[in-house]
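Residues 7 to 1024 in the working numbering are what the sequence shown lists, from first letter to last.
Beta carbons are placed, not taken as given, at the ideal position from N, Cα and C, and that holds for glycine.
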Amino acid sequence: MTIYALLDPAFPAPHPLPDTLPDQWQALNARQLATALTQAKAGSVYVHFYGSAFPRAAWPALKQFLAQAGNLVSLGRTPFGRPVDEHGQTTAQAALFRELDIHEIQHVDCGAATQLKSSALHPWLDGQLACLSAQAATDGFVLMPTKDKDQPLDSGSAGPMDARIVPLASALNAQGHAIACPVVMIERLRGAMAGSRQMFVNVEPTAAFWQNGGMAMLDTLTRYAAHGVTEWWLKPDFACYEPGEVATLTLQGEALGATRGQRWTARITTMYGLEAHDERELQLDTLQDSSITKRFTLPYPIRAGRYAISATLTSDAGEVIKLEQGFWGRDAELLARGTRLKAGRDYFERDGQVMPVVGMTYMASDVHRKFLQLPNVAVWDADMATLAGMGVNYLRTGIWSAWRQLMFVDGHASEALLRAIDAFILTCVSHDLECCFTFFAFTPEAWEGSNPYLDPRSRAAQKRFIRSVVARHTDTKRVHWDLINEPSLFDPERIFVGPRTLHDKHENQAFRDWLRARNPDIAHWQAAWDISPAKLPDFSAIRPPQPEKIGFNTTEIAPKQHGLWLDYALFTQSAHRDWASDLAASIRELVPDVLVCVGQDEALGQQRPHAFFYADAVDYTTVHSWWLNDALGWDSLFSKTPHKPNLVQETGIMHVERPNGRSRRSEAELMQLLERKYAYSYAYGNAGAVHWIWNINYHMDNINESHIGACRADGSQKPEAEITAAFGEFFGKVGVLLQNRDLPKAAVVYPFTNDYSNRRTTLDATQALVRQFGFELGVNLQAVSDHDLSSLMSAPPQLLLLPCPFNLDDGCWAQITALLDAHPVTLLLTGPATLDRYFNATARAPFDQASIRNLSREEPCEIAGKTLRATFAGEAIARIETGVAASGDSAQLQRIPFGQGRRGQILWHPLPLELNANPATLNALYRAALHAANVDGDFVWQGEAPAGVFLHAQHFAGHTLWIAISESSRDQLLQFSDPCSGRHYQTQLAAGRAQLWLTDSKGAVVASLRNHAVEVVR
């Protein structure tokens, strides 16, 4: 074994270098490096002092060296990020470190650190950290060593655990949380570099580094690197035992790659509370056999409660590694403690108290999605203790892949995996965390069925799968069930793209039955879809459409179908609702009062299952706010149904890249965007936010999962983690005060009939509406579906908005006219009023003699006596129409008295103004409608409204929750008054940030996020 180090006065160094090397090290210049690495013997170490700088010509030799289980110690920021050519020229690039499976290197600010601490599990640097500064900036590695899926057909599949990253020194903040790891080790477990240890000291060394023992620390790291990788696991047979059983455990180790074997002594202690349940010592020798396993059985019967196991492994070479494990003795009393979570109209409730959710998605910080196959109660317990301390009250987990591992044979679930689930739930309960357990993801497992939603065989197997888990927790009070994460129908190979048919016999028949139930006359469907009797002679000729056969575009090469798509999309909504209702009923047969949900994403933009169609089948609804960062308020508004809570059940930031492939956002920018997403999660009566996810997952072949999470790959907390803690603290103070929310005076109808058609404009129209009301007008909203306005009959709004419905469903219009007959409601309708659900002209009262015509790019628009400009850009003149009043006019805002006693009124502007390119024109329309409906804003700006600020007030019995969100690049002073209390306020809102505060009935500030100053001026 040889230790090589590049130390060349002629090679450009980005920081001070050592004057001398330890005697046993071999110094090389840049020209010698490639040859030396190529000829190096197994187990050798290369020490790299130059951080980002590396001789470009020597890179293939270093790669080969590592592939042969050579070891690495690197000093400096952004290792290998600026290769140097033979002329001394450097270029910043990611290509080299990406070949080490480091996808990105993020700058980490350590300004909040108060101390450095060596690793408890790898205590190799104890007493050697004086050369480092806790506050010195460092790097965070985004690892992506996994390049395959272990379940190739599953979208949520994990992959092989080819590497792991271990913190060797951490920078801790005042709360004792690691916020950076300036010294890390990557151990290569499988794949091309198996057996290689790679140490990184990610700091820029100064003269003080060398003066305070820097070389001694590097020498220590080099000695440990030379040992290579021995992979250790300590595993109980089960993560949960029944009281009275005995526990058997396995300690296994393997010297990997070219690693030299060692003799090891393992000292293992099993604790039950403060009591040492068992102590033993084992001898293991990887010299004779590189892979070794020892099994042992604990000598006493298991009691109810949590057991903690610690193992200290010491080799004859002086290496010390510590392992932590645990398991549970099933504690029925603990599981039954407390009361179940309940769902009110807007919020969850526990013991009669409102509980706004501050949540986290969690699987495990060590093995991620394999946490049920490789359970570690000690890891779970430590992480959950941290989360509970941050104010987290809801933990989401579940199975995203490999469902057949839990139930390979239909009806016969794996006891080991069931017990792992039991142990996970027990750990949650021990920290008073509500556990939401998810059963399926994207499409449910079909077992031997042909359709995952409609085949009775598949559905029966799914029920057996679910009940195998639920039946063990009929008395557990802090768990409820999520049927499926982000469902798509029906084809498992085409998810996230809208309804996609499988064309199996079950789907074909179900679609025909659904149509026949709505109208048994085939002639109706021939006329509706414009299909001749020869092509559609009877219902047996109907087949679900493929999207390529539908005319989504204004110009098609071949004739295509049109109206059929609307009915198929609505059928899929019904099919999903029936599936969810059936599986939820199966759960409720076992536990009648337990909550059941479906964890859906931003399906509203994709014609996929949406809460407004299945809300009656579940206890609360959800949205996962991922992609639509310009429409986060829209996400929240149109997921909140009238009678049940809506939870932003996943929120986080997808990885986005610059054109050169590098990360676009810094960690500070990620934190700011997450804060805005959290804030929107409490707007419009929403019940809270759940961050995806605690630890980033580098054991997936997925760049997004390697970037997303509150904690980096090395386990240190990103700035994002502080968002959860801040919201946890705030709602921990004020949550119980959010009682009896006042319903907004303005409601908006979401035109699903248009959104599910082949000429969709609803997304653009409704997003323009929400931005005006949220950012310009300061008026709160509630939402309903065009398929069900019944909630408005008992609590009618003063203003009802129907933005650009175009193909308006007769059933929707009948509900609206009934509402206007019964209540003094003002309806604002924009765009054509005389198209039926298939875009055909129809007579519709009270728009007698109204018609449609093609739009011009520029249309005059008259509102409140002013002539304004409406501009319809892009493809608008080819895709959409304008209404025309009986007079032939399209420019005027029409007022039509309506209802009994003419108490209600319809304001109709024939132009589809939400789709016009001039926000000022739309603003004028909405101001006119608000005035006509006698609806005032929730606050009054002092002076001009600040650009890019969402200010939102939600009124409760005795309190008001204020949410301020900046989507601006400038800090702004907010000055406004509250008409309800008569108070005037001012507060500073930083660029891109969010603030929340609560006031009482007199306008006094009760609490604010992070105790931010909100001044009551008068």
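Report the option in the options whose CA atom is closest to the CA atom of residue i.
i: Ala253; options: Tyr313, Asp815, Val207, Gln268; result: Tyr313
i: Asn1025; options: Ser722, Ala119, Glu782, Glu339; result: It is not possible to answer for residue 1025, since the shown part of the chain is limited to 7 through 1024.
i: Pro15; options: Leu23, Thr560, Arg850; result: Leu23
i: Asn635; options: Ala621, Thr26, Thr657; result: Thr657
i: Ala870; options: Leu401, Leu899, Val79, Arg843; result: Leu899
i: Ala771; options: Asp372, Val754, Gly784; result: Val754
i: Pro985; options: Ala997, Trp947, Lys555; result: Trp947
i: Met199; options: Ala73, Pro242, Tyr278, Tyr844; result: Ala73
i: Ser1014; options: Lys1008, Trp968, Tyr688, Asp488; result: Trp968
i: Asp29; options: Ile9, Phe17, Ala19; result: Ile9
i: Arg425; options: Ala245, Asn399, Asp588; result: Ala245
i: Ala752; options: Ala477, Ala731, Gln788; result: Gln788
i: Gly964; options: Leu957, Asp1006, His183, Asp527; result: Asp1006
i: Leu255; options: Ser202, Arg309, Phe333, Asn208; result: Phe333
i: Asp461; options: Lys153, His582, Lys555; result: His582
Rounded to whole angstroms, what's the CA-CA distance from residue i to residue j? Just pull it up for me.
i: Gly741; j: Trp406; result: 31 Å
i: Phe962; j: Val624; result: 26 Å
i: Met413; j: Ala882; result: 52 Å
i: Thr433; j: Asp389; result: 10 Å
i: His616; j: Gln606; result: 7 Å
i: Phe517; j: Tyr574; result: 7 Å
i: Asp544; j: Ile537; result: 11 Å
i: Gln552; j: Leu826; result: 40 Å
i: Asn924; j: Pro918; result: 12 Å
i: Trp453; j: Val475; result: 17 Å
i: Asp145; j: Gln112; result: 6 Å
i: Asp387; j: Leu841; result: 59 Å
i: His649; j: Leu769; result: 23 Å
i: Ser464; j: Asp107; result: 40 Å
i: Pro249; j: Ala408; result: 30 Å
i: Asp91; j: Met205; result: 25 Å
i: Ser1028; j: Lys511; result: It is not possible to answer for residue 1028, since the shown part of the chain is limited to 7 through 1024.
i: Asn35; j: Phe17; result: 8 Å
I believe residue i touches residue j by the beta-carbon criterion, under 8 Å. Please report the beta-carbon distance rounded to the nearest angstrom.
i: Cys116; j: Ala136; result: At roughly 16 Å, the Cβ-Cβ gap does not stay under 8 Å, so Cys116 and Ala136 are not in contact.
i: Leu102; j: Phe55; result: Contact flag wrong, Cβ pair sits at about 16 Å.
i: Gly954; j: Ser974; result: 3 Å
i: His392; j: Cys441; result: The question names His, but residue 392 in the sequence shown is Thr. About 16 Å; that fails the 8 Å criterion.
i: Ile315; j: Leu240; result: 7 Å
i: Thr888; j: Arg859; result: 6 Å
i: Phe878; j: Asn922; result: 6 Å
i: Gln613; j: Pro498; result: That pair is no contact at about 17 Å.
i: Gln411; j: Leu401; result: Rounded, the Cβ-Cβ distance is 22 Å, inconsistent with contact.
i: Val189; j: Leu149; result: Not really, about 16 Å apart at Cβ, beyond 8 Å.
i: Trp640; j: Gln773; result: 5 Å
i: Ala119; j: Leu174; result: Rounded, the Cβ-Cβ distance is 16 Å, inconsistent with contact.
Per DSSP, which residues does residue i bridge with? Please list them.
i: Val696; result: Gly365
i: Lys328; result: Thr318
i: Ile969; result: His958, Leu1002
i: Tyr626; result: Cys603
i: Gly146; result: Gln112
i: Phe496; result: Arg506
i: Ala272; result: Leu288, Leu319
i: Cys434; result: Paired residue(s): none; Cys434 is not in a bridge.
Can you find a C-beta in chain D that's less than 8 Å from the C-beta of residue i?
i: Asp748; result: Checking the listed chains, one finds no chain D in this structure; it contains a single protein chain.
Please tell me whether, using a cut-off of 7 Å, the distance from the CB of residue i to the nearest non-hydrogen atom of the ligand MN is below it.
i: Asp160; result: Here there are no bound small molecules, and the ligand MN is not part of this structure.
With three or more C-beta pairs closer than 8 Å as the rule, is the region 943-951 touching the region 852-863?
Contact check between the region 852-863 and the region 943-951: fewer than three CB pairs, one atom from each, fall below 8 Å, which does not count as touching.
With contact counted as at least three CB pairs below 8 Å, one residue from each stretch, are the region 552-570 and the region 600-610 in contact?
Verdict: no, contact absent.
Would you call the region 698-705 and the region 370-387 in contact, with 3 or more CB pairs under 8 Å?
At 8 Å Cβ cutoff, the stretches touch.
Would the region 418-426 and the region 458-478 be scored as touching if the rule is three or more Cβ pairs under 8 Å?
Touching, per the Cβ criterion.
May I ask you to verify whether the region 793-801 touches the region 892-912, counting CB pairs closer than 8 Å and requiring at least 3?
The region 793-801, when compared against the region 892-912, does not touch it at the 8 Å Cβ threshold.
So, do the region 37-44 and the region 80-88 have three or more beta carbon pairs nearer to each other than 8 Å?
These segments do not touch.
Pairing CB atoms from the region 522-536 with CB atoms from the region 476-491, are three or more of them under 8 Å?
The region 522-536, when compared against the region 476-491, does not touch it at the 8 Å Cβ threshold.
Between the region 279-286 and the region 353-366, can you find at least three pairs of beta-carbon atoms closer than 8 Å?
When C-beta atoms of the region 353-366 are compared with those of the region 279-286, fewer than three pairs fall below 8 Å, so the two segments do not count as touching.
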